């Protein structure tokens, strides 16, 4: 366990963010390898897999619900030196994770066909996406178990074991993807089925590694059979904090699904380009997201210790770091976006759509960084409703405006991208105002923060 209630707040943020950043850089490498080999299968396969991959946001929404609640409550208990409470919350989150795993497996195969039928641009893309989902669902289901273990470690300020496991998991995926997708070494390419199966096997390896760590090396929190039965008061606390944050990702899923639906009349090439652009944006977002992931544990422990000035300093320091990182990312992305996109497609139409997407949407990076930070701040405070409110408002405004734009003669994709920028900027301003309102309410007379 690491005590985050003493020493420099900025150094704690950097110390926790650095290993997460390294892990995310490895994850980025996997995303690029995966994108490269799937794009080699053609724009139809790329469009189908990208549309199918959006379903992962639905799983992430549920896992985020679990993770955010667990991190906030465990970190608060650790800050208050209440280890029995921290252990209870961990075991309850593990139980919920197991139930969500079973629910995903039971319902996923039924949902997959209906989902792909509604979003795919054509029958060929639908078929490719459906194959991908069928083989990726076991990996999606297992993510809940790794989420519960990773959240417990992050809440106690321990990030290295999770980082190492994630890096090894991604390396497994990087090795398996060309072998199973393109048939390297074996001479038997499996196409999109191989891409999905390699991801599922990699997730399984991560669950096994984290499970070994918890059984052998973790001492702050640990599995306890006596606590692996429903404790409804803990469930209510976990869900009260985690549900709004999970709904934020549900909003992202809905927004992304809406975009796929709106652009499907432009064909599989437009959907393939949207997938390429979105993956490349993830590449630029990762360092900033790593910084924001460090914030909930710092805020939670200092909240539990009653140190309002350190909570304020953590928010301010993270906003500054995020702003610099996202500004640099925006400039890099706007500098010859064609050089980035052409590595993943040779189709001129796909390339043109992807370059347009990156050139315009990169202007939203700084605003997105502010939103990441404020969302993480609310997670640490255990009050995720403000972040959900800003996300819902953004979805409603974006959806309403996007549907009106799509109904007008001469509708083009750049209209949709510029409207997206406007709504994300609106969300960033609202999120920042709500975060400082929360600080004023919690500590109206907090002393000036010190580094």
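Residue numbers (this note's numbering): 9 to 459.
Backbone N, C-alpha and C define an ideal beta-carbon position, used for all residues, glycine too.
These numbers were taken from a predicted model, which means no experiment stands behind them.
Look at the Cβ atom of residue i, then the Cβ atom of residue j, and state whether they are nearer than 8 Å.
i           : j           : result
residue 145 : residue 108 : no
residue 362 : residue 333 : no
residue 80  : residue 314 : no
residue 263 : residue 403 : yes
residue 205 : residue 118 : no
residue 239 : residue 134 : no
residue 203 : residue 282 : no
residue 67  : residue 148 : yes
residue 381 : residue 249 : no
residue 242 : residue 153 : no
residue 127 : residue 53  : no
residue 442 : residue 255 : no
residue 398 : residue 438 : yes
residue 212 : residue 110 : no
residue 231 : residue 222 : yes
Who are the near neighbours of residue i in its chain, counting only those whose CB is closer than 8 Å to its CB and skipping five residues on each side?
i           : result
residue 350 : 359
residue 425 : 364, 365, 368 and 369
residue 9   : No answer about residue 9 holds up, because its pLDDT of 49 lies below 50 and its placement is not dependable.
residue 432 : 372, 375, 376, 379 and 402
residue 419 : 413
residue 400 : 255 and 259
residue 125 : 134
Helix, strand or coil for residue i? Go by DSSP, reduced to three states.
i           : result
residue 166 : coil
residue 373 : helix
residue 301 : helix
residue 334 : helix
residue 417 : coil
residue 445 : helix
residue 87  : helix
residue 73  : helix
residue 326 : helix
residue 229 : coil
residue 189 : helix
residue 318 : helix
residue 294 : helix
residue 391 : coil
residue 6   : One cannot answer for residue 6 here, as it falls past the ends of the chain, which runs 9 to 459.
residue 272 : helix
residue 142 : helix
residue 52  : helix
residue 346 : helix
residue 201 : helix
residue 92  : helix
residue 155 : helix
residue 99  : helix
residue 439 : helix
residue 352 : coil
residue 451 : coil
residue 195 : coil
residue 239 : coil
residue 42  : helix
residue 181 : helix
residue 62  : coil
residue 130 : coil
residue 278 : helix
residue 149 : helix
residue 362 : helix
residue 78  : helix
Taking 7 Å as the limit between beta carbons, can you name the residues of its chain near residue i, skipping five residues before and five after?
i           : result
residue 260 : 65
residue 62  : 261, 264, 265 and 268
residue 93  : 85
residue 156 : 74, 78, 101, 102 and 105
residue 271 : 278, 279, 282 and 421
residue 4   : Here the chain has residues from 9 to 459 only, and residue 4 is not among them.
Does any CB atom of chain C fall closer than 8 Å to the CB of residue i?
i           : result
residue 418 : In the displayed structure, chain C is absent; only one protein chain is listed.
For residue i, which residues from the same chain have a beta carbon less than 6 Å from its beta carbon, with the 5 sequence-adjacent residues on both sides left out?
i           : result
residue 288 : 348
residue 429 : 371 and 372
residue 192 : 186
residue 409 : 427
residue 312 : 84, 87 and 88
residue 170 : 158 and 161
residue 4   : Absent from the model: residue 4. The displayed extent of the chain is 9 to 459, so no value can be given.
residue 329 : 299
Contact check, residue i vs residue j under 8 Å by CB: the rounded distance?
i           : j           : result
residue 185 : residue 45  : 6 Å
residue 158 : residue 57  : Between residue 57 and residue 158 the Cβ distance is about 26 Å, and since that is not below 8 Å, they are no contact.
residue 386 : residue 394 : 6 Å
residue 247 : residue 73  : 7 Å
residue 182 : residue 41  : 5 Å
residue 47  : residue 352 : 4 Å
residue 43  : residue 200 : That belief does not hold up - the Cβ atoms of residue 43 and residue 200 are roughly 13 Å apart, past 8 Å.
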